[in-house]
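Following the working numbering, the numbering of the sequence shown begins with 28 at its first residue and continues without gaps.
Cβ coordinates follow ideal geometry from the N, Cα and C atoms, glycine included.
On a predicted model such as this, the values are computed, not experimentally measured, just so you know.
Worksheet: one structure, shown below.
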Amino acid sequence: MRRWLILLATVAIAFFAWVKLDPSRPTAGVRRPLRYLGGQAQIQLDVADRGTGLTSVDVFIEAAGTRYQLAAERYPAIGWRGSGVLQRSFDLPVAPRDAKIPEGAATLLVIARDGSWLNYLRSTPPTLAQAVEVDYTPPLIEVLTGQHYMRLGGSDVVVYKVSKDAVRSGVQVEGYFFAGTPGALRDPGVSVALFAVPQDLTTAARPRVVAEDAAGNRREAAFFVAVKPRKFAERTLDVGDDFLARKVPELLETNRMPRTDDLVAGYLAINRDLRRQSEETVREVCSRSEPKPLWSEVFLRQPDSAPLSSFADRRSYKHDGNLIDSQTHLGFDLASLRLSPVVAENTGKVVFTDNLGIYGNTVILDHGMGLFSLYGHLSSISVPVGQLVNRGDPLGRTGETGLAAGDHLHFSVMVDGVHVDPVEWWDPKWVADHVTEKLKSFDSPAAEPAKPASAAAPSGRRSR
């Protein structure tokens, strides 16, 4: 019996020692790539131990021989096996400047310890040691173009330089950002941004060129912009029962929206929610553009068409004499003969051909440098995504798909997904004064003819 007790005790001690003499060490990793630390940063870490469990985790930034502590956690043992904490995740907001961490080379250190008795017999090296650069200096900006005269809802071009450390630049107009394009001109150090003062802002909007570096440091530079006010047209539209019965069930089903017997409620869901979703899709499609202009001529007006509306009409919708909704109509409605051919208004690349909510069957063309055009309510589409088309090439035929009361074309021009007034892009003098002559003065490839549709597309523009 005694021998059995001794054997059991020996086995228990051996098992206990085997657990407590765990030779494995904790591990640590960074969830998001981290190379730079600027004025504000977020460090995301995962720390784990597959043995006795973590007993402590310390996180530091080591710079110029000094350690700056970011986090310290302790995990007491809750039983003979250890703390039971096998994994910890950290989301650490870091303000290096506030902590007075000096600029320059630094190291992110994670020191994690577990409950192994071997820690008393061995040193504890850093679980993670990753080199980082502390940088508080924002990029430099030099605006090269001088005066910019615009109308509310209109567009313009600014040419500027940023220092080589900039990883993102463009024009900020209140909550709207218009990505700049490096490499659009012959000088690779010069960037160009098409931008707009959107129709839903006021003339008090002040565009600024902005630039950010990899550390998140940001600089803004004001430049001269004069925005001319304008009054947008106001229209009242009657929404009849025949229109509701014809359109609402079809659009709810086509766009996989909840069905309802209340046609007015269904119409409001389409006119509000589906309209918003459609614009979100437009912005997503327009978030990536070719870096150089694919066009060299003024935009072509659709042949033999007449406008049914103007840009940014303020529309009120009535049913049985009661006001039920109001929306802004972004673009032009152009009418011609039923099932008329629709052509590309300028050279570009087809980037979207599908149902687009309120716009129905739609084609979107990328003209390069953030400029896009949209052709909606089509009855048929004759081009595939990826095809390069020349100015005047056929895209499809007019129709009444989407939220259209009759056969017509909805046409829009967008800059980085923001609708702008197409009238400017139809005007040869405006295009010359505000775009092409500016680019030519900085030795732009836009001064040369656009590549034919059979040519390969330029490399992709950095997305915003």
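The continuous stretches of alpha helix (DSSP H) do not include residue 133, which lies in the beta strand (DSSP E) extending over residues 131-141. Nearest to residue 120 by C-alpha distance, out of 214, 97, 255, is 97.
Per DSSP, residue 94 is one residue of the beta strand (DSSP E) stretching across 93-101.
Distance from residue 370 to residue 379 at the Cβ level is roughly 17 Å; contact not present, criterion being Cβ atoms closer than 8 Å. Excluding sequence positions up to five before and after residue 90, its CB lies within less than 8 Å of the CB of 128, 129, 131, 132, 133, 134, 161, all in the same chain and listed in chain order.
The C-beta separation of residue 326 from residue 372 comes to about 4 Å, placing the pair in contact by the 8 Å criterion. The stretch 331-345 makes no contact with the stretch 412-421: fewer than 3 CB pairs, one atom from each, lie closer than 8 Å. Pairing residue 185 with residue 298, the inter-Cα distance amounts to about 35 Å. The straight-line gap separating the alpha-carbon atoms of residue 317 and residue 215 is approximately 15 Å. The residue from 181, 448, 210 with its alpha-carbon nearest to that of residue 191 is 210.
Between residue 84 and residue 100, the C-beta spacing is below 7 Å. DSSP, read as helix, strand or coil, puts residue 463 in helix. Distance from the CA of residue 77 to the CA of residue 87, rounded to the nearest whole angstrom, comes to 23 Å. Apart from sequence neighbours up to five positions away, the residues of its chain that approach residue 156 with a beta-carbon distance below 7 Å are 134, 136, ordered along the chain. Between residue 140 and residue 53 a beta carbon distance of about 7 Å is seen, short of the 8 Å cut, so the two are scored as contacting. Bounds of the alpha helix (DSSP H) holding residue 306 are 302-312. Secondary structure at residue 277: helix, using DSSP grouped into helix, strand and coil. For residue 296, the closest alpha carbon among the candidates 408, 82, 174, 274 is that of 274. 118 is the residue among 118, 441, 438, 357 whose C-alpha sits nearest the C-alpha of residue 71. When beta bridges are read from the DSSP output, residue 426 appears opposite 435.
C-alpha of residue 173 to C-alpha of residue 446: approximately 25 Å in a straight line. Of 221, 308, 201, 203, the smallest CA-CA separation from residue 187 is found for 221. The three-state secondary structure of residue 299, taken from DSSP, is helix.
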